[in-house]
Amino acid sequence: MNPGSAAAIFSVAGKTALVTGAAAGLGRAMAEALAENGARVVLFDREAGDLAATAADMTEAGLQVLAIPGDVTDRAQVEDAVAQAIARFGGLDICVANAGISDPDGARLHEMQEDHWRRTLEVNLTGLFHTNRAALSAMVPQGRGKIVNVASMWGHVAPAGLFPRPAYAASKGAVVNLTRELALEYATSGIQVNALCPGFFRTKGRPRSDADARRMAEYTPMKRLAEAAEIKGSLLYLASSASDFVTGASLIIDGGVTAG
103 MNPGSAAAIF SVAGKTALVT GAAAGLGRAM AEALAENGAR VVLFDREAGD
153 LAATAADMTE AGLQVLAIPG DVTDRAQVED AVAQAIARFG GLDICVANAG
203 ISDPDGARLH EMQEDHWRRT LEVNLTGLFH TNRAALSAMV PQGRGKIVNV
253 ASMWGHVAPA GLFPRPAYAA SKGAVVNLTR ELALEYATSG IQVNALCPGF
303 FRTKGRPRSD ADARRMAEYT PMKRLAEAAE IKGSLLYLAS SASDFVTGAS
353 LIIDGGVTAG
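What follows is the structure in structure tokens.
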């Protein structure tokens, strides 16, 4: 392969990646994108059944994966996943911190239960902290790495115009700015840290109803939802050498929502 070709620039062949929240949805699509393009992918998710099914499907397709059940809110489990990745594959080149949840009840702030607030931030922000810290601890000594933090278009604009999601909005806005902070902290360490900010994507079980799908499509300038596979190209850009001079950026994939 010509080292200066587009195929080489976007290649992740021979790289080792960790993807959290990899059992389903966009996490699965991103894990597939990396594995389909030659990476060895560690799949991490708390849903052990879905994780095993995803790993089986990918293995049957000839992809190289390692499934590790675990919860990003448990620091030791995340650190163990990174340790297993290094032990199995010799290092960690790419980390996709994707695991996340939304507000469970869609309540406005004054009506929101405190435990719902705490749980959303625990997964979306503290879980991402655990993931980034473990990955960076592996990447700094080797002097290279790519971290992709999955935020949301709601990290840049407020979702209340469509539905109230105060904890989700707060956590994803924090992910966007933490990504900027880490980009500067590790700019001279050979590590690029960027955020991927999806809009409305159609995945298994999402949207929850046809009515929700219609509302989301109407809210989107392109008047449709994205399919899960449409995130693959953006993820490969941030995970490959194509983005070697890009750090602290937010790549928004939202069909034009935040352009208005």
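Just so we're aligned, residue 103 is where the sequence shown starts under my numbering, counting upward by one. Backbone N, C-alpha and C define an ideal beta-carbon position, used for all residues, glycine too. Only a predicted model underlies this, so the values are computations on that prediction, with no experimental measurement involved.
* To do: Please report how far the alpha carbon of G116 lies from the alpha carbon of A141, in whole angstroms.
  => Here residue 116 corresponds to residue number 14 of the sequence shown, with the count starting at 1. Here residue 141 corresponds to residue number 39 of the sequence shown, with the count starting at 1. Approximately 5 Å between the Cα atoms of the pair.
* When burial is assigned at 16 or more other CB atoms within 10 Å of the CB, is F191 buried or exposed? -> The residue given as residue 191 occupies position 89 in the sequence shown. The residue in question, F191, is buried, as its Cβ has 16 or more Cβ neighbours within 10 Å.
* Using CA coordinates, which residue listed in S204, F146, D182 and Q215 is at the minimum distance from V167? -> Position 65 of the sequence shown, counted from the start, is the residue given in the question as residue 167. Measuring from the Cα of V167, the nearest candidate turns out to be F146.
* Asked: Span of the beta strand (DSSP E) holding V252?
  -> Here residue 252 refers to the residue found at position 150 of the sequence shown. Here the beta strand (DSSP E) through V252 covers G247 to V252.
* Rounded to a whole number of angstroms, what is the C-alpha to C-alpha distance between G350 and N296? -> Position 248 of the sequence shown, counted from the start, is the residue given in the question as residue 350. Position 194 of the sequence shown, counted from the start, is the residue given in the question as residue 296. Roughly 5 Å separates the two Cα atoms.
* Under the DSSP definition of a beta bridge, which residues are partnered with D147? -> Here residue 147 corresponds to residue number 45 of the sequence shown, with the count starting at 1. DSSP, once it has assigned bridges, lists P171 as partnering D147.
* Could you work out which residue in P261, A269, H218 and A237 is closest to N251 when comparing CA atoms only? => Position 149 of the sequence shown, counted from the start, is the residue given in the question as residue 251. Of the listed residues, the one whose Cα sits closest to N251 is A237.
* To do: Tell me whether A237 counts as near the ligand GDP, meaning its Cβ is closer than 7 Å to at least one heavy atom of that ligand.
  => Among the components of this structure there are no ligands whatsoever, and the ligand GDP is therefore not found.
* **Whole-angstrom C-beta distance between A137 and M160, which should lie under 8 Å** => The count along the sequence shown starts at 1 and reaches residue 160 at position 58. The count along the sequence shown starts at 1 and reaches residue 137 at position 35. Here M160 really is in contact with A137; their C-beta atoms are around 6 Å apart, less than 8 Å.
* Asked: Buried or exposed: T290, going by 16 or more other Cβ atoms within 10 Å of its Cβ?
  -> Position 188 of the sequence shown holds residue 290. Exposed, by the Cβ-count rule.
* Asked: Do you know whose CA, among V277, E287, P309 and R316, lies nearest L298's CA?
  -> On the sequence shown, position 196 is the one that residue 298 refers to. Nearest of V277, E287, P309 and R316 to L298, Cα basis: V277.
* Under the three-state DSSP convention, the category L327 falls into -> To locate residue 327, count along the sequence shown from 1; it is residue 225. It is coil, neither helix nor strand.
* Asked: From G307, S273, D312 and T322, pick the residue whose C-alpha is nearest to that of T222; which is it?
  -> Here the question's residue 222 lines up with position 120 in the sequence shown. It is S273.
* Asked: What span of residues does the alpha helix (DSSP H) with A289 cover, start to end?
  -> Reading the sequence shown from its first residue, position 187 is the one you call residue 289. Neither: A289 is in no alpha helix (DSSP H) and is coded neither H nor E.
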